[in-house]
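Chemist:
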Amino acid sequence: MAYESIRLDLDAATRVATVTLNRPDKLNSFTRAMHRELAAALDEAVAANARALVLTGAGRGFCAGQDLADLDFTPGASTDLGALIDEHFNPLIRRLHALPMPTIAAVNGTAAGAGANLALACDIAIAARSASFIQAFVKIGLVPDSGGTWFLPQRVGVARALGLAMTGEKLGAEKAESWGLVWQVVDDAELPQAATKLAAQLAQQPTRALVATRSALRAAATNTLDQQLDLERDLQRELGASHDYAEGVRAFIEKRAPRFEGR
1 MAYESIRLDL
11 DAATRVATVT
21 LNRPDKLNSF
31 TRAMHRELAA
41 ALDEAVAANA
51 RALVLTGAGR
61 GFCAGQDLAD
71 LDFTPGASTD
81 LGALIDEHFN
91 PLIRRLHALP
101 MPTIAAVNGT
111 AAGAGANLAL
121 ACDIAIAARS
131 ASFIQAFVKI
141 GLVPDSGGTW
151 FLPQRVGVAR
161 ALGLAMTGEK
171 LGAEKAESWG
181 LVWQVVDDAE
191 LPQAATKLAA
201 QLAQQPTRAL
211 VATRSALRAA
221 ATNTLDQQLD
231 LERDLQRELG
241 ASHDYAEGVR
251 AFIEKRAPRF
261 EGR
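Numbering (full-length UniProt numbering), first residue to last: 1 to 263.
#1: At 3 residues or longer, and completely inside the segment 59-122: list those beta strand (DSSP E) runs for me, N to C.
#2: Skipping 5 residues on each side, what residues in its chain have a beta carbon closer than 6 Å to that of residue 59?
#3: Are three or more beta carbon pairs between the segment 121-131 and the segment 93-107 nearer than 8 Å?
#4: Unbroken beta strand (DSSP E) runs of length 3 or more, entirely within the segment 145-219: which are they?
#5: Considering just the uninterrupted stretch of the beta strand (DSSP E) at residue 252, what are its terminal residues?
#6: Is it true that the CB of residue 114 sits closer than 8 Å to the CB of residue 30?
#7: Measuring alpha carbon to alpha carbon, tell me which of 80, 20, 9, 27 ends up nearest residue 48.
#8: Bridge partners of residue 18, per DSSP?
#9: To which residues of the same chain is residue 174 closer than 8 Å at the C-beta, ignoring the five residues directly before and after it?
#10: Using DSSP's beta-bridge definition, name the partner residues of residue 130.
#11: Helix, strand or coil for residue 137 per DSSP?
#12: Quick check on this structure: which residue in 259, 141, 88, 133 has the alpha carbon closest to the alpha carbon of residue 64?
#13: How far does the alpha helix (DSSP H) with residue 235 in it reach, from first residue to last?
#14: May I ask which residues mark the beginning and end of the alpha helix (DSSP H) holding residue 34?
#15: Considering only residues of the same chain and omitting the five flanking positions on each side of residue 154, which have a CB-CB separation below 8 Å?
#16: At the level of alpha carbons, what is the spacing between residue 161 and residue 250?
#17: CA-CA distance, residue 71 and residue 201?
#18: Quick one: what's residue 125 bridged to in DSSP?
#19: Measuring CB to CB, does residue 92 end up less than 8 Å from residue 122?
Quick look at the structure:
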């Protein structure tokens with residue numbers, strides 16, 4: 001499928017899908033058309049049996065959130081932001097969380113508003129040294145959306161989350177790393193290679209186990225210890241019947257590298 005506001009690259013050798021937000025002149029801010037194309041690209045990546053996904057931005061920014069030029073500000077007929085979120089942003093965040101593969105955000109420059117939270121919706125975020133994260137909502141009288149009020153306190157704690165959300169101040173990549181907002185910071189020129197290398201590494205791992213690990217760690221935020229122990233039991237039972245578990249055990253016994261297939 002041909003896309004205008006994104007690019008999709010599928011590497012058949014590594015089985016890594018790379019989705020690039022491609023409106024660099026607008027800092028890759030979202031329009032409704034871009035949302036539709038991104039949803040289609042995620043469908044295409046799943047259909048191609050990709051085993052890892054990299055999400056990044058073209059040009060000097062990752063994503064500046066919603067493109068305000070795509071909204072209607074006519075008095076009495078202005079865009080219903082709740083409807084916009086319900087139709088586009090929330091399904092996107094839910095979709096990323098439900099993808100049957102690990103996801104990596106390669107943050108190259110500014111990640112602002114919903115763009116910042118889009119990066120946090122991925123399993124692992126790697127940031128270029130020049131990258132920054134801005135919860136810009138307060139600057140136009142709004143509340144963080146796209147999961148921001150859920151991701152931020154989990155990643156950095158309530159005190160820092162409140163500071164970021166209430167001031168809208170820019171958080172540099174290195175401080176974001178020290179606060180636990182991102183996994184790794186690399187030099188700008190190294191970001192594409194670092195993200196691709198990590199994605200290729202994850203694509204060779206037992207995909208079902210990675211996705212189950214993601215689900216379990218997220219559930220821990222609201223589960224009791226007893227609930228979490230039961231969840232671990234249930235997931236282990238399911239994975240214990242998988243091809244990759246059997247292959248991993250055989251490879252260990254035979255002292256060779258495992259050949260996981262994600263099933």
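Quick reminder that beta carbons are idealized off the backbone N, C-alpha and C, glycines included.
Please read all numbers here as calculations on a predicted model, not as lab measurements.
Modeler: According to the structure shown:
#1: 61-63, 103-107, 110-112
#2: The sequence position of residue 59 within the sequence shown is 59, counting from 1. For residue 59, where only same-chain residues beyond five positions count, the Cβ hits under 6 Å are 24.
#3: yes
#4: 170-172, 184-186
#5: Residue 252 sits at position 252 when you count from the first residue of the sequence shown. Unbroken run through residue 252 is the alpha helix (DSSP H), 243-253; no beta strand (DSSP E).
#6: By 1-based counting over the sequence shown, the position of residue 30 is 30. By 1-based counting over the sequence shown, the position of residue 114 is 114. Yes, the pair counts as a contact, with Cβ atoms nearer than the cut-off.
#7: Against the sequence shown, residue 48 aligns to sequence position 48. Nearest of 80, 20, 9, 27 to residue 48, Cα basis: 9.
#8: In the sequence shown, residue 18 corresponds to position 18, counting from 1. DSSP, once it has assigned bridges, lists 9, 54 as partnering residue 18.
#9: For the purposes of this step, residue 174 is identified with residue 174 of the sequence shown, where counting begins at 1. Only 129, 185 meet the Cβ criterion.
#10: As a first step, residue 130 must be located in the sequence shown, where it is residue number 130. DSSP, once it has assigned bridges, lists no residue as partnering residue 130.
#11: Translated into positions along the sequence shown, residue 137 becomes position 137. Reduced to three states, the DSSP call for residue 137 is helix.
#12: For the purposes of this step, residue 64 is taken as the residue at position 64 of the sequence shown. Minimum Cα distance to residue 64 is reached at 133.
#13: Numbered from 1 along the sequence shown, position 235 holds the residue referred to as residue 235. Start and end: 225-239.
#14: Indexing the sequence shown from 1 puts residue 34 at position 34. Looking at the DSSP string, the run of the alpha helix (DSSP H) that includes residue 34 is 32-47.
#15: One-based indexing of the sequence shown puts residue 154 at position 154. Answer for residue 154: 221, listed in chain order.
#16: By 1-based counting over the sequence shown, the position of residue 161 is 161. By 1-based counting over the sequence shown, the position of residue 250 is 250. Roughly 46 Å separates the two Cα atoms.
#17: The residue you call residue 71 lines up with position 71 of the sequence shown. The residue you call residue 201 lines up with position 201 of the sequence shown. Near 40 Å, if we compare the C-alpha coordinates of residue 201 and residue 71.
#18: Walking along the sequence shown from the start, residue 125 turns up at place 125. Answer is 105.
#19: Looking up residue 92 in the sequence shown gives position 92. Looking up residue 122 in the sequence shown gives position 122. Not closer than 8 Å, so no.
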